[in-house]
Amino acid sequence: MSSILVTGAAGFIGYHVAQRLLGRGDDVVGIDNLNDYYDVCLKEARLAQLRVNPGFQFVKLDLADRAGMERLFAEFEPDRVVHLAAQAGVRYSLTNPHVYINSNIVGFLNVLEGCRHGKARHLVFASSSSVYGANTRMPFSVHDPVDHPVSLYAASKKANELMAHSYAHLYGLPCTGLRFFSVYGPWGRPDMAMFLFTRAILEGRPIEIFNYGQHRRDFTYIDDVVEGVTRVLDRIPERDPHWGANGLDPATSPAPYRLYNLGSGQPVALMRVIELLEAALGRKAQKNLLDLQPGDVPETYADIHDIACEVGFRPGVSVEEGVARFVAWYREFYA
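Here the numbering used here is used: position 84 in the sequence shown is 74, and no number is missing along the way.
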């Protein structure tokens, strides 16, 4: 049994990861600032589920609070850290850029400093498929350069990868970054397409479909994501003594640092997901087709070879099953 810090514990992925860790016997300290980017009641409901377990402790705290973060690490001395807190959303970054710097850059620095000065043996942190930006070669590979982000959110996640690598190099802090691909499922985020579409269809409102319905996404069910996170957490990265011999690989390093894609490896047309939602809900969607939005990318498709071979992760939930589970949860939660 070990003490693990989970940032963003009231968030979608953070909640599920904390549940899994508690279920296997770990003590979990969760932090979250409970901001109002989306429904705080949903975040509180997630926390209520976690608080049932005596191994869970919650601290309301903003990542950008330097003194508060220093006190947190000094008090709890986590053995490992799963950093999932961030200001999310591509489109929101177009109108609220300063929030992303405070949370995703300043906040991440405070996490790194806490790990550096504390007892953390491994930092696993959330990156995003958004870092691939203007890349067009499919599937997206962690071995390809990602130097052309198309949103500030993506740029902040790329910055996280670089910051983590510098701490792995300077201080020997083992760090693993996970590029998540379109995560969905029960207790999901209300600002994501799956949630927005479900609510609109049930309320009889038109759904907004950008890029005229031509989007393809590597939809990844939350249970698969949690499996990947926990497997990676238990595998502390080591230095690659052969790095540079066959080119400068962005995914590995002479420092204890690794990057993985965490996706299904099977891109699905957005219109297919809408069809599955219609079938599960028993209602047809009213569709409002719109242009591609600034910061959006037309397609995501993860190459998951590395995480499969090195960590043993392979997704197990099809989009058909995943959509049905999400709709069942939505109907029950919102009665």
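Just so it is clear, CB atoms sit at the ideal spot from N, CA and C, and this is done for glycine as well. From a predicted model like this one, the values you see are computed outputs, not experimental measurements.
Quickly, what does DSSP pair residue i with across the bridge? List them, please.
i: E198; result: N278
i: E193; result: DSSP output for E193 lists no bridge partner at all.
i: V173; result: T210
i: S392; result: The requested residue 392 does not occur in the structure, where the chain is confined to residues -9 to 325.
i: T(-3); result: I21 and H73
i: L113; result: V71 and C165
i: F130; result: A292
What did DSSP end up calling residue i once you bin it into helix, strand or coil?
i: V80; result: coil
i: R70; result: strand
i: Q47; result: strand
i: G306; result: coil
i: G237; result: strand
i: H232; result: coil
i: P284; result: coil
i: Y27; result: coil
i: V313; result: helix
i: R225; result: coil
i: T327; result: Because the chain in this structure spans residues -9 to 325, residue 327 falls outside the shown range and cannot be described.
i: M153; result: helix
i: A54; result: coil
i: S141; result: coil
i: N125; result: coil
i: M184; result: helix
i: S(-8); result: coil
i: Q39; result: helix
i: R61; result: helix
How far does the beta strand (DSSP E) with residue i in it reach, from first residue to last?
i: Y250; result: Y247 to L252
Alpha helix (DSSP H) containing residue i: first to last residue?
i: V19; result: No alpha helix (DSSP H) holds V19; the beta strand (DSSP E) holding it covers D17 to D22.
i: I264; result: L260 to L271
i: A8; result: F2 to G13
i: Y324; result: Neither: Y324 is in no alpha helix (DSSP H) and is coded neither H nor E.
i: H88; result: P87 to Y90
i: H205; result: Here H205 belongs to no alpha helix (DSSP H), and DSSP marks it neither H nor E.
i: G104; result: G97 to H107
Check whether the Cβ atoms of residue i and residue j lie closer than 8 Å to each other.
i: P240; j: L252; result: no
i: R106; j: Y157; result: yes
i: F200; j: D286; result: yes
i: Y291; j: P246; result: no
i: T(-3); j: L74; result: yes
i: G97; j: L53; result: yes
i: L192; j: L271; result: yes
i: E151; j: S120; result: no
i: I21; j: V173; result: no
i: P139; j: G123; result: yes
i: S254; j: D208; result: yes
i: V216; j: V7; result: yes
i: L277; j: I212; result: This sequence places Lys at residue 277; Leu is not what is there. No, the pair does not count as a contact, with Cβ atoms beyond the cut-off.
i: P284; j: L84; result: yes
i: N23; j: M59; result: no
i: L102; j: M153; result: yes
Please find out if some non-hydrogen atom of the ligand NAP comes closer than 7 Å to the beta-carbon of residue i.
i: G(-2); result: What this structure holds is no ligand at all, so the ligand NAP is not there to describe.
Contact the region 75 to 89 vs the region 138 to 145: 3+ CB pairs below 8 Å: Cβ pair count under 8 Å is three or more, so yes.
Touch test, the region 37 to 57 against the region 106 to 113, Cβ-Cβ under 8 Å, three pairs minimum: For the pair of segments examined, the region 37 to 57 was found not to touch the region 106 to 113: the number of CB pairs separated by less than 8 Å stays below three.
Touch test, the region 24 to 32 against the region 177 to 184, Cβ-Cβ under 8 Å, three pairs minimum: Because the criterion of three Cβ pairs below 8 Å is met, the region 24 to 32 and the region 177 to 184 touch.
Three or more C-beta pairs below 8 Å linking the region 262 to 281 and the region 219 to 238: The answer is no - the region 219 to 238 does not touch the region 262 to 281, with fewer than three Cβ pairs under 8 Å.
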